[in-house]
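Chains as they are written, first to last, in our numbering: chain A, 1 to 234; chain B, 1 to 234.
The beta carbon of each residue, even a glycine, is placed where N, CA and C say it ideally should be.
As the structure is a computational prediction, the values presented were derived from the model and not from experiment.
Let me begin by presenting the structure, written as structure tokens, before commenting on it.
There are 2 protein chains.
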Amino acid sequence: MSEPPRLVQVRQRVLKENDVAARALRTRFHEAGTYVVSLVSSPGAGKTAWLERVLTALHGRYHVAALVGDLATDNDAVRLARSRVPVKQITTGTVCHLEAAMVATALEGWPSKSLDYLFIENVGNLVCPSSFDLGEDLRLVLLSVTEGEDKPLKYPTIFNTADVALVTKIDLAEAVEFDAEAMRRAIESVRPGMEVFEVSAKTGAGMEPWLRFLEARRLAACPTSSVPPFAARI
Amino acid sequence: MSEPPRLVQVRQRVLKENDVAARALRTRFHEAGTYVVSLVSSPGAGKTAWLERVLTALHGRYHVAALVGDLATDNDAVRLARSRVPVKQITTGTVCHLEAAMVATALEGWPSKSLDYLFIENVGNLVCPSSFDLGEDLRLVLLSVTEGEDKPLKYPTIFNTADVALVTKIDLAEAVEFDAEAMRRAIESVRPGMEVFEVSAKTGAGMEPWLRFLEARRLAACPTSSVPPFAARI
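Structural data, given as structure tokens:
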């Protein structure tokens, strides 16, 4: 079932406008030396819990901030604020994804020039966010061990537009009889060569390799960065 | 952040077309004496696993069939076919929800006149399906204990357009320190008086009260039904 032609046309125009806005954001982030990471997943895959851990680990060593999108409530911003980094909530109403313009608006008045890392947590949705560039350097797709190993096959577009997969709630792997090999095969068949990390926000499992990877990516993207690598300061 | 006015206009037209198609479906289902139940949830909340259990329980007693929507793959149809009821997969490509016209197309050539129950599993998404009437009698929103107790607050629209909430994977409640009271409070604040069932596809917990409820609802909607109530035949 294809969409009505007029809706397709309008959607393409909206996407084009978003691409222009995203390009402006990307230039601005690069000039400021800010490495930008976005997180997408289905609702409840553990974006906020993992992000809180990551922000807490980076806080004090780096200038870090986060934007977090939801249809309603500022629950996630309140949770993330416990990490003591600046956090802003974007509420989208009925819109099922963040757009570059929402990010630009949220950044108004923020001291984003001095940021080393900016994290952007998207609305929980495995479909809509895939079409919207937010100017990020790295897009993570999270999927929890409780969601089923075939999710990448069912939602291929989001895996194709993401750079890295994080398998979350690995502490529950045994309870749900999680088949790590099947999940990796599913990811590999949709996005060959995709980097995969298995993590747990509850136990902290997987945090160290993840932070090393993140730091290496940031250094590669922002080679003039004056902050020494995370691994050397841990 | 509001949507561009033209996109809003076009979306309203699409929704209106969908409402017309849904009304036609509803009339057709009522005339045939078919009680239609749709399932929405985020990806991985357990729609398919629960539906397989329900289909298996109803099979043999009733004429039952299922339609199942996904962006890609017919994995769910293959799984549901194990229940031995007729199942058809609807693949939506990049569309994040089912529409009434997709349901009508999928039903072509099916012996839907003789069905007592038709189940429609939507694409995994807590946002988009809320606006699209599928001609169903009963819309279930499923959310798993692993997703976090505040999901209803963050995705109020889908809870407002659903009739009943199913809290799934209740067998994992202890492992994830699920707070049932907090979840019920969140549901109640978004949709006062909403009926809530706690279930597990793994253990079968909650199946009996759920089937009794379903049967009562069907009898109320299709009073001329010639099939005796489920409870009397179990």
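Check: Using a Cβ-Cβ cut-off of 8 Å, state whether residue 70 (chain B) counts as contacting chain A.; Outcome: yes
Check: Would a C-beta distance cut-off of 8 Å place residue 37 (chain B) and residue 115 (chain B) closer than the cut-off?; Outcome: no
Check: Taking the continuous alpha helix (DSSP H) assigned at residue 208 (chain A), which residues delimit it?; Outcome: 207 to 221
Check: Against residue 151 (chain A), what residues of chain E qualify as contacts under a CB-to-CB distance less than 7 Å, listed in chain order?; Outcome: Protein chains in the displayed structure are A and B, and chain E is not among them.
Check: Name the two residues that bound the continuous beta strand (DSSP E) containing residue 166 (chain B).; Outcome: 164 to 168
Check: Run through the DSSP bridge pairs and tell me what residue 109 (chain A) is partnered with.; Outcome: Paired residue(s): none; residue 109 (chain A) is not in a bridge.
Check: Could you tell me whether the Cβ of residue 1 (chain B) comes closer than 8 Å to any Cβ of chain A?; Outcome: Summary for residue 1 (chain B): the model assigns pLDDT 47, below 50, so the residue's position carries little reliability, and this model does not support an answer.
Check: Determine the closest residue to residue 91 (chain B) out of B:81, B:83, B:53 and B:75, with distance taken between C-alpha atoms.; Outcome: B:75
Check: For residue 179 (chain A), collect the residues of the same chain with a Cβ closer than 6 Å to its Cβ; drop the 5 residues on either side in sequence, then sort them by chain order.; Outcome: 149
Check: Assign residue 63 (chain B) to one of three DSSP states: helix, strand, or coil.; Outcome: coil
Check: List the residues of chain B that residue 10 (chain A) touches, going by C-beta distances under 7 Å, in chain order.; Outcome: 6, 7 and 10
Check: Less than 8 Å between the CB atoms is what I'm expecting for residue 167 (chain B) and residue 198 (chain B), so what's the real figure, rounded?; Outcome: 5 Å
Check: State the CB to CB distance for the pair residue 103 (chain B) and residue 135 (chain B), rounded to an integer number of angstroms; the pair is presumed to be in contact (CB under 8 Å).; Outcome: 7 Å
Check: With a threshold of 8 Å between beta carbons, is residue 189 (chain B) in contact with chain A?; Outcome: no
Check: Alpha carbon to alpha carbon, what distance is there between residue 105 (chain A) and residue 312 (chain A)?; Outcome: Lying outside 1 to 234, the shown extent of chain A, residue 312 (chain A) is not represented and no answer is given.
Check: Counting only beta-carbon atoms, is residue 236 (chain B) nearer than 8 Å to chain A?; Outcome: Chain B is shown only over 1 to 234; residue 236 (chain B) falls outside these bounds and no answer can be derived.
Check: State yes or no: is the beta carbon of residue 124 (chain B) nearer than 8 Å to at least one beta carbon in chain A?; Outcome: yes
Check: Can you tell me the Cβ-Cβ gap for residue 94 (chain A) and residue 126 (chain A), rounded? I've got them flagged as a contact below 8 Å.; Outcome: About 18 Å; that fails the 8 Å criterion.
Check: Who are the Cβ neighbours of residue 18 (chain B) in its own chain at under 6 Å, not counting the five residues just before and after it?; Outcome: 99, 100 and 132
Check: Does residue 204 (chain B) come within less than 8 Å of chain A when only Cβ atoms are used?; Outcome: no
Check: Give me the chain B residues within the contact set of residue 100 (chain A), using Cβ-Cβ distance strictly less than 7 Å, ordered along the chain.; Outcome: Under the 7 Å cutoff, chain B gives no residues; its nearest Cβ is about 11 Å from residue 100 (chain A).
Check: Return helix, strand or coil for residue 195 (chain B), following the three-state DSSP convention.; Outcome: strand
Check: Tell me whether the beta-carbon of residue 145 (chain A) lies closer than 8 Å to the beta-carbon of residue 176 (chain A).; Outcome: yes
Check: Starting from residue 159 (chain A), follow the alpha helix (DSSP H) in both directions and report where the run begins and ends.; Outcome: 156 to 161
Check: Counting only beta-carbon separations shorter than 8 Å, does residue 75 (chain B) have a partner in chain A?; Outcome: yes
Check: Suppose you measure from the CA of residue 13 (chain A) to the CA of residue 181 (chain A); what does that come to, to the nearest Å?; Outcome: 40 Å
Check: Could you tell me which residues DSSP pairs with residue 89 (chain B) in its beta bridges?; Outcome: B:68
Check: Would you list the residues sitting across from residue 7 (chain B) in a DSSP beta bridge?; Outcome: According to DSSP, which records beta bridges pairwise, residue 7 (chain B) is partnered with nothing at all.
Check: Mind checking which residues open and close the beta strand (DSSP E) that includes residue 189 (chain A)?; Outcome: Where residue 189 (chain A) is concerned, there is no enclosing beta strand (DSSP E), although the alpha helix (DSSP H) it sits in stretches over 180 to 190.
Check: By how many angstroms is the C-alpha of residue 188 (chain B) removed from the C-alpha of residue 171 (chain A)?; Outcome: 31 Å
Check: For residue 59 (chain A), which residues of its own chain have a beta-carbon under 8 Å away from its beta-carbon, when the five flanking residues on both sides are left out?; Outcome: 83, 84 and 85
Check: Do you know how far the Cα of residue 21 (chain B) is from the Cα of residue 110 (chain A)?; Outcome: 48 Å
Check: What in chain A is Cβ-close to residue 128 (chain B), meaning under 9 Å?; Outcome: 96, 125, 127 and 128
Check: Are the Cβ atoms of residue 184 (chain B) and residue 161 (chain B) separated by less than 8 Å?; Outcome: no
Check: Excluding sequence positions up to five away, which residues of its chain have a Cβ less than 8 Å from the Cβ of residue 201 (chain A)?; Outcome: 46, 49, 50, 52, 53, 168 and 169
Check: Taking only the alpha-carbon atoms, compute the straight-line gap between residue 62 (chain A) and residue 212 (chain A) and give it to the nearest angstrom.; Outcome: 14 Å
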